[in-house]
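> Chains A and B, in that order, are what the protein sequence lines are. Counted from 1, the first sequence has number 153 at position 152 by this note's numbering; the numbering is strictly sequential. Counted from 1, the second sequence has number 1649 at position 273 by this note's numbering; the numbering is strictly sequential.
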Amino acid sequence: MKNKTILLRFSCTILTLIIFALPATACRSEGSQTAETGIGNERAIQNKGSDTLVNVALAWAERYRQIEPDVSIAVTGGGSGTGIAALINGTVDIANASREMSESEFEEARANGIESVEHIVAIDALAIIVHPDNPVGQLTINQLSDIYTGKITNWSEVGGNDVSIILLSRETNSGTHVYFLEEVVRRGGSEEAIFASRTILMPSSVGITSEVRRNPNAIGYDGLGYVDPEHEKILAVAADSDSPFVLPSVETALAGTYPLARNLYMYTAGEPTGAIADYLSWIISPAGQEIVTELGFVPIISGG
Amino acid sequence: MTSKENSPQRTISLPALVREKISQYSWQELVIENLIRLAGVSAILIIALIFFFLLREGSAAFLDVPLRQLFGGRWYPIEELYGFWPLIVGSFLVTVGAVVISVPLGLLTAVYLGEIAPSWQREILKPLIEVLAGIPSIVLGFLGWVVLAPLIQRLGAPTGLTAFTGSLILAYMALPTIISITEDALYAVPKEYRDGSLALGATQWQTIWRVVLPAARSGIVVAIMLGIGRAIGETMAVLMVTGNAAHVPELGLGAFFQPVRTMTATIAAEMGEVASGSLHYSVLFGIGIVLFLITFGINSLASRLVGGNGRRRRRGQL
């Protein structure tokens, strides 16, 4: 009798353990599946990364869905770093990035058995924006660097009012942040320069534009597609004190006269095949690049 | 049992049915007993596992990053500058601000609800306060971003995204916790205390201040500690309204009106970008360890305060 109860108790414990463990193992097997799964005939492409690119990527996905109803594309933002990390970890098919993948990131991907392939999908001019009431209309890269490293702290030092400058930047997981660090902050002379610690880090592109709209002392940067000239003032930028000041636009970005124009990328794990390859070639086709223009970004030349 | 002793014949026929019944019940009992035991043990087990996991993932931060840098003043992970100091200061400022605002407000509200308000007011206010507790933090963060931040900027701060903005939102979030637990504590004070005090000629205010509140002290301490716990661990709302500048502000009241970056916001903002296993990854877990230790400290302080005073009091007097 006693033996029997022990046996019973034991089996009960085992049973409850199994009940509790089941969902856990189910979760695991779900997670270990590759991101690129097909349900029936329908193929789901996972696309993640740059917030700069996210609106364009969404528009592409929606339009492509009309052309190829069998292919569904799931687009999420989060920042270039987030997208690239997901590609390295093997959870997305296409990573969007507003900067080039770094050598160490290529290495990390290789360590996971993934050879990342780069595709240029659009061009963006990075606009420097201030409040419309701000009298400052133009800055050189050097001045911008001094402002963002904290050497210049008052607008009067660059021809504005006598108020302190509020620095706005994207979070460090943003490709735009890294691009700005390398192309602006470190162009001021020092290769090791970093953002002043007072810099306010915004989790999104929209965060920067809305803070610039309401704060007359703020300065920020954002992709041209996010800027609305009615609510924010776009500054003309000069590469150095001898160069002309240029406003960002599709023309100046394509002509290369605007100093802060950059490529926007999509990265795939290996050379794309099947539906992903079709999608990418549609993106760089005139039909895909038309959407880039509609959203205020600059199409790549082959498409335009 | 008795049937067994009295008539050995029936032990064969009847108990077959009984035993079947008993074994059926004991089966159910055993299953339920085990489920409850598992639930009880799993709470402890999960905490132990969380701490173990935090230590495993985060210990590299304390081993690989020089301690001087770890407590240095600069947080900029791109350049591998991992200074916790601005983040700790940020969390501290936001939490202290929230406590200073929410504790007096919460206590007074609870006293009003429990001691002064007529019952019809209580009927209306209590459910409303409970609704307050159910508002998702992201909604409050959005309100803070759209409404509160411009307001604070208009008051003269260089930007509306400050530690104070975060404190206001967090105070609002901690209020329901503080109010309802304090009210429960007040409710637990026996009516005889109040009657006795009033009978001795004390006014209502004197009764509340000198008799009811001290008697409910242990519960109030718990309320405040839980409120602080809510404030220091909150992430989304803080991420949206504090500006996230990893900057150590100058000492003084002005510090509350500058952007800060809290520990929780840092983890939330940066966890998505790190490759698992990298140094940045373990440093983020390191922040988690620091946060865990702080909340652990607060909780044990609370239970010590309550244990030393309240429990004895309750046993002796109630």
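We put the CB at the ideal spot given by N, CA and C, even for glycine. Fair warning: this is a prediction, and the values are worked out from it, not measured in the lab.
Can you give me the C-alpha to C-alpha distance between residue 301 of chain A and residue 89 of chain A, rounded to a whole angstrom?
Computed Cα separation, rounded: 26 Å.
> Check whether the Cβ atoms of residue 1614 of chain B and residue 1465 of chain B lie closer than 7 Å to each other.
Contact: no.
> Against chain A, does residue 1455 of chain B count as a neighbour if the rule is that its beta carbon must be under 7 Å from one of theirs?
Cβ-Cβ to chain A under 7 Å: yes for residue 1455 of chain B.
> Is the shortest distance between the beta-carbon of residue 1544 of chain B and the beta-carbons of chain A less than 7 Å?
Closer than 7 Å: no.
> If you scan the segment 1492-1566 of chain B from start to end, which runs of the beta strand (DSSP E) of 3 or more residues do you find wholly inside it?
Runs of the beta strand (DSSP E) inside the segment 1492-1566 of chain B: none found.
> May I ask you to list the residues that DSSP assigns as paired with residue 171 of chain A?
According to DSSP, residue 171 of chain A bridges with A:203.
> Are the segment 176-183 of chain A and the segment 90-100 of chain A in contact at 8 Å, needing three or more beta carbon pairs?
Yes, since at least three Cβ pairs between the segment 176-183 of chain A and the segment 90-100 of chain A fall closer than 8 Å, the two stretches touch.
> Skipping 5 residues on each side, what residues in its chain have a beta carbon closer than 6 Å to that of residue 194 of chain A?
So the qualifying residues of the chain are 150, 186 and 187.
> Along chain A, in chain order, which residues have C-beta atoms closer than 9 Å to that of residue 1512 of chain B?
By Cβ distance, chain A contributes nothing, its closest Cβ being about 17 Å from residue 1512 of chain B, past 9 Å.
> How many Å lie between residue 1674 of chain B and residue 1607 of chain B at the Cα?
Roughly 12 Å separates the two Cα atoms.
> Please classify residue 166 of chain A: does DSSP put it in a helix, a strand, or coil?
Residue 166 of chain A: coil per DSSP, three-state reduction.
> For residue 201 of chain A, which residues in the same chain have their Cβ closer than 6 Å to its Cβ, ignoring the five residues on either side in sequence?
If we look at residue 201 of chain A and ignore the five residues flanking it on each side, its Cβ neighbours are 169.
> Distance check for residue 62 of chain A and residue 76 of chain A, CA to CA, integer angstroms please.
Computed Cα separation, rounded: 8 Å.
> Which same chain residues, not among the five before or five after residue 1612 of chain B, have their C-beta less than 6 Å away from its C-beta?
Excluding sequence neighbours, residue 1612 of chain B sits near 1513, 1514 and 1517.
> Does DSSP put residue 155 of chain A in a helix, a strand or coil?
Strand at residue 155 of chain A.
> To the nearest angstrom, how far is the alpha carbon of residue 30 of chain A from that of residue 1627 of chain B?
With a pLDDT of only 36 at residue 30 of chain A, under 50, the local geometry of the prediction cannot be trusted, and the value read off the model is given with reservation. Taking the straight line from one Cα to the other gives about 52 Å.
> I want to verify the contact list: residues of chain B whose CB lies under 8 Å from the CB of residue 86 of chain A, in sequence order.
Residues of chain B passing the Cβ test: 1648, 1649, 1650 and 1651.
> Within 7 Å (strictly less), CB to CB, does residue 1619 of chain B reach chain A?
Chain A contact via Cβ: present.
> State buried or exposed for residue 1652 of chain B, treating a residue as buried only when at least 16 other CB atoms are found within 10 Å of its CB.
Counting Cβ neighbours within 10 Å, residue 1652 of chain B comes out exposed, since fewer than 16 surround it.
> Please confirm if residue 214 of chain A has its CB atom under 7 Å from at least one CB of chain B.
So no, residue 214 of chain A is outside the interface.
> Checking contacts by CB at 7 Å: is residue 1452 of chain B closer than that to chain A?
Judged by the 7 Å Cβ criterion, residue 1452 of chain B is in contact with chain A.
> With residue 80 of chain A and residue 1649 of chain B assumed to form a contact (beta carbons below 8 Å), what rounded beta-carbon distance in angstroms separates them?
Sure, about 6 Å apart at Cβ, within 8 Å.
> I'd like the span of the beta strand (DSSP E) that includes residue 228 of chain A, first residue to last.
Per DSSP, residue 228 of chain A belongs to no beta strand (DSSP E) and is neither H nor E.
> Which residues share a DSSP beta bridge with residue 95 of chain A?
Paired residue(s): A:48 and A:269.
> Kindly list the residues whose CB is nearer than 6 Å to the CB of residue 1680 of chain B, restricted to its own chain and excluding five residues on each side of it in sequence; keep chain order.
For residue 1680 of chain B, where only same-chain residues beyond five positions count, there are no Cβ hits under 6 Å.
> Checking 7 Å against the spacing of the C-beta atoms, do residue 1663 of chain B and residue 1639 of chain B come in under that value?
It is a contact, given that the beta carbons lie within the stated cut-off.
> Going along the segment 1520-1549 of chain B in order, which residues come within less than 9 Å of chain A, judged by CB to CB distance?
Cβ contacts with chain A: 1521, 1522, 1525, 1526, 1529, 1534, 1535, 1536 and 1537.
> Based on the DSSP secondary-structure assignment, which residues constitute the bridge partners of residue 310 of chain A?
The structure shown does not extend to residue 310 of chain A, since chain A is modelled only from 2 through 305, so no value can be given for it.
> With distance defined between alpha-carbon atoms, name the residue in B:1669, B:1477 and B:1579 nearest to residue 1428 of chain B.
Of the listed residues, the one whose Cα sits closest to residue 1428 of chain B is B:1669.
> Give the straight-line distance between the Cα atoms of residue 1 of chain A and residue 1654 of chain B, rounded to the nearest whole angstrom.
Nothing can be reported for residue 1 of chain A: it is not among the residues displayed for chain A, which extend from 2 to 305.
> How big is the Cα-Cα spacing for residue 283 of chain A and residue 289 of chain A?
Those two C-alpha atoms are separated by around 6 Å.
> Inspect the CB distances between the segment 1631-1645 of chain B and the segment 1568-1581 of chain B and report whether three or more fall short of 8 Å.
Segments in contact, no.
> Along chain B, which residues have their Cβ under 7 Å away from the Cβ of residue 306 of chain A?
Any answer about residue 306 of chain A is impossible in this case: the structure gives chain A only from 2 up to 305.
> Could you have a look at residue 301 of chain A and say whether DSSP puts it in helix, strand or coil?
Here residue 301 of chain A sits in coil by DSSP.
> Identify, in the order they occur along the chain, each residue of the same chain with its Cβ nearer than 8 Å to the Cβ of residue 1520 of chain B, setting aside the five sequence neighbours on each side.
Cβ neighbours of residue 1520 of chain B beyond the five flanking positions: 1541, 1542, 1544, 1545, 1613, 1616 and 1617.
> Applying the 10 Å Cβ sphere with the 16-neighbour rule, what's the burial state of residue 1579 of chain B?
It counts as exposed.
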